[in-house]
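Trainee: Numbering (the numbering used here), first residue to last: 740 to 843. Glycine included, every Cβ here is placed at the ideal spot set by N, Cα and C. The structure presented is a predicted model; accordingly, all values stated were derived computationally and were not measured.
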Amino acid sequence: LTKDNVKKIDTDIDVQERDLNVFITSASRVIAPLWPISTFAARNPWMGLENQPFDQVASWLKNTRDVDIYPSASMIRSAKNKGEIDEDFVEMGLQRWLDSHSYH
Numbered sequence: 740l741t742k743d744n745v746k747k748i749d750t751d752i753d754v755q756e757r758d759l760n761v762f763i764t765s766a767s768r769v770i771a772p773l774w775p776i777s778t779f780a781a782r783n784p785w786m787g788l789e790n791q792p793f794d795q796v797a798s799w800l801k802n803t804r805d806v807d808i809y810p811s812a813s814m815i816r817s818a819k820n821k822g823e824i825d826e827d828f829v830e831m832g833l834q835r836w837l838d839s840h841s842y843h
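(1) For G822, which of helix, strand or coil comes out of DSSP?
(2) Does the distance from the CB of I815 to the CB of A797 come in under 8 Å?
(3) Could you check where the alpha helix (DSSP H) with D794 kicks off and where it finishes?
(4) Put L837 into one of helix, strand or coil per three-state DSSP.
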């Protein structure tokens with residue numbers, strides 16, 4: 740082990756610690772401060788729903804958990820007025836949905 744190798748190892752550790760600190764800081768912005776651990780979910784409560792169609796999951800959540808995952812009409816209007824909704828994308832999605840539900 741040389742003096743240069745030790746300096747390199749120390750530098751690598753410093754970089755890793757800084758990266759870890761950035762990671763922790765980012766995570767702390769997502770997790771609400773001061774929440775008691777008892778309120779955190781130990782596992783994903785919707786696990787097992789990943790392979791079902793979105794509309795079926797939305798319906799199941801609404802009927803069994805009273806959770807509405809769709810935005811309200813006022814939220815959609817507000818987003819549209821702010822230019823946050825690409826109408827071409829919406830039209831494309833609507834056309835795809837209509838095509839998948841056609842009765843020819």
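Mentor: With the given structure in hand:
(1) coil
(2) no
(3) 793 to 804
(4) helix
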